[in-house]
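Undergrad:
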Amino acid sequence: MFISERLRAVLYEYGQVIPQGIGHIKRIDAIIENTEIGLPEIVQEECSDLLAQIGEKTARIEENARKLAVNSLNISKAMGSSIDIPCAANK
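Each residue of the sequence shown is one higher than the one before, counting from 1 in the UniProt record's numbering.
(1) Please work out which residues of its chain come closer than 7 Å, Cβ to Cβ, to Ile32, disregarding the five sequence neighbours upstream and downstream, and give them in chain order.
(2) Following the continuous alpha helix (DSSP H) through Thr58, name the residue where it begins and the one where it ends.
(3) Would you kindly report the start and end of the unbroken alpha helix (DSSP H) that includes residue 129?
(4) Leaving out five residues before and five after Gln16 in sequence, what residues of the same chain have Cβ atoms less than 6 Å from its Cβ?
(5) Using a Cβ-Cβ cutoff of less than 6 Å, which residues in the same chain neighbour Thr35 once the five nearest sequence positions on both sides are dropped?
(6) Pick helix, strand or coil for Gly15, following the three-state DSSP scheme.
Okay, structure coming up:
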């Protein structure tokens with residue numbers, strides 16, 4: 001099970017429905033901090049930990065994508081050709 005799915009499942013147990021998709025993850029921080037929702041402290045801590053894991057993995061993926069793009073560009077230059085490699089790091 002993906003970390004984001006685990007996070008959504010934990011919050012669902014407390015009546016908080018988060019749509020699927022990594023784009024909705026940012027909303028979770030606001031839910032965790034909202035004292036009116038009444039999440040137990042252990043649930044808040046677990047959700048914060050899962051959000052941190054998602055952030056760390058996202059940063060690692062982005063850094064590796066950037067390194068791959070630079071490496072591909074260097075190989076392309078060394079070969080004297082130009083190849084276009086679509087990559088999130090190029091945006």
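In this text, a Cβ means the ideal position worked out from N, Cα and C, and glycines have one as well.
TA: Checking against the coordinates, here is how it stands:
(1) Leu39, Gln44, Cys47, Ser48
(2) 41 to 79
(3) Residue 129 falls outside the range modelled here, since the chain spans only 1 to 91, and no answer is possible.
(4) Ile31
(5) none
(6) coil
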